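Q:
Chains as they are written, first to last, in our numbering: chain A, 1 to 338; chain B, 339 to 676.
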């Protein structure tokens, strides 16, 4: 028997999520920026980054492990490093503050970076990437998470699921965007399997003894595997170095040690690099935006897909028809307000 | 029966390779920079990027598809983009010219990029990365190659083997460096299997009909597969966009169309991004170089390896004992001089 569903417009859902966060103690600035990311997840059919994340945010707030009303602060020394101190609050408000300055500096210098320090991270990176592609920039974003992935050839959790996201602007089209964990699967996907009581594929993780397992409970207790064997492991290590060590913020093992478990949103930093294709291509033959379309056409033309296609299709649908939530989901949202 | 071997010191091998390139018509500047990369490959036991590459270079020179005496030219508009026009010559001399300016700009701005335009590319990226780590910088290098890899879910060669290399400086130690093709295997590895008459693993490539094949000939005629399924495919596409389209140089399909086949070194560009860990970490707790060692110790401590460990071990050995070449290899080198 199909569950009953409710349909909410994007703005109705947004109002509801903002209210949940404000009730939980977030300032208006924090509640609004944080809700934006969760609503974007739901809007795009990314259930693992939608309202599912609210519970963890609230748990983190209740535990006193995030600053609910901190005002992020931007510092700019005129170099290619813009820095936002999130002051222990969730990351989205810090990104929102830094993004316009990053875009301006990238247009001026060709490439620039935004460092977010001391934030509590819970979100997908693609909403940030799309903010920058909307401004005509290419962008790369990386951050650590919690030690939960063994380096290739190892057996103990050390690396995070360390996402890497990239975007390229496509005038009058949804951008080219990818955003994925450098573990074979995202931790959230294993969580969903655990909740659903289903098995995970056998190459996703090892148990505490280093043996491959299909049991999501054992996987969460053991270590996940990096994607692409030694290559993914190397990329994940690079993410620890650049967006943990280099920016003077916590690595994944440090973030885990800091909170002691993975049930709360981790405290660490993030690194975003923005590129101005116009400045890089200046004086060279061809328009980079036109040339990129030739590449995308060739990918689609042989039956392959562009990343995020499914997400954009869902977005087009929910922007028109609204977001459908199950009665369980609606009940959750109502209970968060209580 | 073991083949007889000759032992050459690094400088003897270097003199020999420089002479080969000068005899073939390269200027002193071009011969020396190009030889450096080949000797580094041989020194580090990277046979697929050692003297094995000379034949292809000579073929490219003989075909008139590389400018043998071009002088690379650096332009600097004061931004975070340094640009070297290689003017159709091999890439190493262009990199050598741009590297000190890149390092200086990265120290000043925190992050800076070096664009190499219009070069003929044949080399590994790690020698470039190590030049920058030697200067205390972290660095990332990417470039297209020839269309030979199908995008994930596709079946026709479109993406190049598109290498990505990264390095992190380790004071008084060999740096943390990885450098790999975004195909499951490097094209050179399939070439070596073809020459040796051995089969390739079945997930490396598809034949012209899109079917998996273990025959290196059929693989080279068909399409290689990206590493890490859709994730590696997305990274490879990013490399086409940033280091082909964005810098106004050829993508992998354009490079293939330009020369018509893959037997000569491809003509395209390269993008290198350098980061100053000192500037990024300034004002934040902890020394980034000390903190990175904690991460490396944790990787090694659970029995995993750091990338390039084998290469550095071989380097330590050949720097002490010289490079051993088989009589076939020595004969090849002599024949190149004739």
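Beta carbons are placed, not taken as given, at the ideal position from N, Cα and C, and that holds for glycine.
Note that the structure is a prediction, hence the values are computed from the model and not measured.
Can you tell me whether residue 512/B is helix, strand or coil according to DSSP?
A: Coil, per DSSP.
Q: Quick one: measure Cβ to Cβ for residue 506/B and residue 513/B, integer angstroms, because I've assumed they're closer than 8 angstroms.
A: Correct: roughly 6 angstroms between the Cβ atoms.
Q: Quick check on the DSSP output: what are the complete alpha helix (DSSP H) runs of length 4 or more inside the region 367-455 of chain B, in order along the chain?
A: Entirely contained in the region 367-455 of chain B, the alpha helix (DSSP H) runs reaching 4 residues are, in chain order, 392-400 and 429-447.
Q: Is the distance from the Cβ of residue 491/B to the Cβ of residue 227/A below 8 angstroms?
A: Contact flag unset, no.
Q: Tell me the residue span of the beta strand (DSSP E) that contains residue 503/B.
A: Its beta strand (DSSP E) spans residues 502-506.
Q: Specify, as a first and last residue, the run of the beta strand (DSSP E) that residue 661/B falls within.
A: Here the beta strand (DSSP E) through residue 661/B covers 661-664.
Q: For the alpha helix (DSSP H) containing residue 154/A, name the first residue and the last one.
A: No alpha helix (DSSP H) contains residue 154/A, which DSSP labels as neither H nor E.
Q: On a Cα-Cα basis, can you pick out the residue from 663/B, 659/B and 622/B that is closest to residue 83/A?
A: It is 622/B whose Cα lies nearest to the Cα of residue 83/A.
Q: Residues of the region 293-317 of chain A with a CB closer than 7 angstroms to any CB of chain B: list them in chain order, please.
A: The region 293-317 of chain A vs chain B, Cβ under 7 angstroms: 295, 298, 299, 302, 303, 304, 305 and 307.
Q: Rounded to the nearest angstrom, what separates residue 104/A and residue 630/B at their Cα positions?
A: Rounded to whole angstroms, residue 104/A to residue 630/B spans 31 angstroms at the Cα level.
Q: Between residue 116/A and residue 269/A, how many whole angstroms is the CB-CB distance? I'm expecting something under 8 angstroms.
A: 6 angstroms between Cβ atoms; contact.
Q: When every heavy atom of the ligand SAH is checked, does at least one fall within less than 7 angstroms of the C-beta of residue 166/A?
A: Among the components modelled here there is no ligand, and therefore nothing to report on the ligand SAH.
Q: Looking only at its chain, what residues have a beta carbon closer than 7 angstroms to the beta carbon of residue 302/B, apart from the 5 residues adjacent to it on each side?
A: The requested residue 302/B is not part of the displayed model; chain B covers only 339 to 676.
Q: Run down chain E in chain order and give the residues with a C-beta less than 8 angstroms from the C-beta of residue 511/B.
A: In the displayed structure, chain E is absent; the protein chains listed are A and B.
Q: Relative to the C-alpha of residue 58/A, which candidate in 120/A, 98/A and 113/A has its C-alpha closest?
A: When each option's Cα is compared against that of residue 58/A, the closest is 120/A.
Q: I'd like to confirm the pairing. Which residues does DSSP put opposite residue 412/A in its beta bridges?
A: The requested residue 412/A is not part of the displayed model; chain A covers only 1 to 338.
Q: Whole angstroms is fine: what's the gap from residue 61/A's alpha carbon to residue 246/A's?
A: Going from the Cα of residue 61/A to the Cα of residue 246/A covers about 28 angstroms.
Q: Expressed to the nearest angstrom, what Euclidean distance is found between the alpha-carbon atoms of residue 259/A and residue 615/B?
A: Near 26 angstroms, if we compare the C-alpha coordinates of residue 615/B and residue 259/A.
Q: Between the alpha carbons of residue 192/A and residue 240/A, how many angstroms are there, rounded?
A: When rounded, the distance between both Cα atoms is 26 angstroms.
Q: Which residues in the same chain as residue 580/B place their Cβ atom closer than 6 angstroms to its Cβ, once the five residues preceding and following it in sequence are excluded?
A: Cβ within range, chain order: 609.
Q: Looking at chain B, is there any beta carbon in it that lies within less than 8 angstroms of the beta carbon of residue 55/A?
A: Cβ-Cβ to chain B under 8 angstroms: no for residue 55/A.
Q: What are the residues that DSSP puts in a beta bridge with residue 316/A?
A: Answer is none; residue 316/A lacks a bridge partner.
Q: Please report the residue range of the beta strand (DSSP E) in which residue 147/A lies.
A: Premise fails: residue 147/A is in no beta strand (DSSP E) and is neither H nor E.
Q: First and last residue of the alpha helix (DSSP H) that includes residue 9/A?
A: First-last for residue 9/A: undefined, no H or E at that position.
Q: Contact criterion: CB-CB distance below 8 angstroms. Does residue 484/B meet it with respect to chain A?
A: No, because no Cβ of chain A sits closer than 8 angstroms to the Cβ of residue 484/B.
Q: Would you say residue 160/A lies against chain B (beta-carbon separation less than 8 angstroms)?
A: So, not an interface residue.
Q: Give the interface partners of residue 81/A over in chain B, defined as CB-CB distance under 8 angstroms, in chain order.
A: Neighbours of residue 81/A on chain B, chain order: 447, 448, 449, 617 and 618.
Q: Against chain A, which members of the region 453-470 of chain B pass a CB distance test of less than 8 angstroms?
A: Against chain A - using a Cβ distance shorter than 8 angstroms - the residues of the region 453-470 of chain B are 453 and 455.
Q: May I ask you to list, following chain order, the residues of the region 529-544 of chain B that have a beta carbon less than 7 angstroms from some beta carbon of chain A?
A: Per Cβ criterion, the list is empty.
Q: For a quick check, are the C-beta atoms of residue 427/B and residue 393/B less than 8 angstroms apart?
A: No.
Q: Could you please give the first and the last residue of the uninterrupted alpha helix (DSSP H) stretch that includes residue 239/A?
A: First-last of the alpha helix (DSSP H) with residue 239/A: 229-240.
Q: Taking a Cβ distance cut-off of 7 angstroms, strictly less, list which residues of the region 398-426 of chain B are near chain A, in chain order.
A: Those residues of the region 398-426 of chain B that come within reach of chain A (Cβ to Cβ, closer than 7 angstroms) are 417, 418 and 419.
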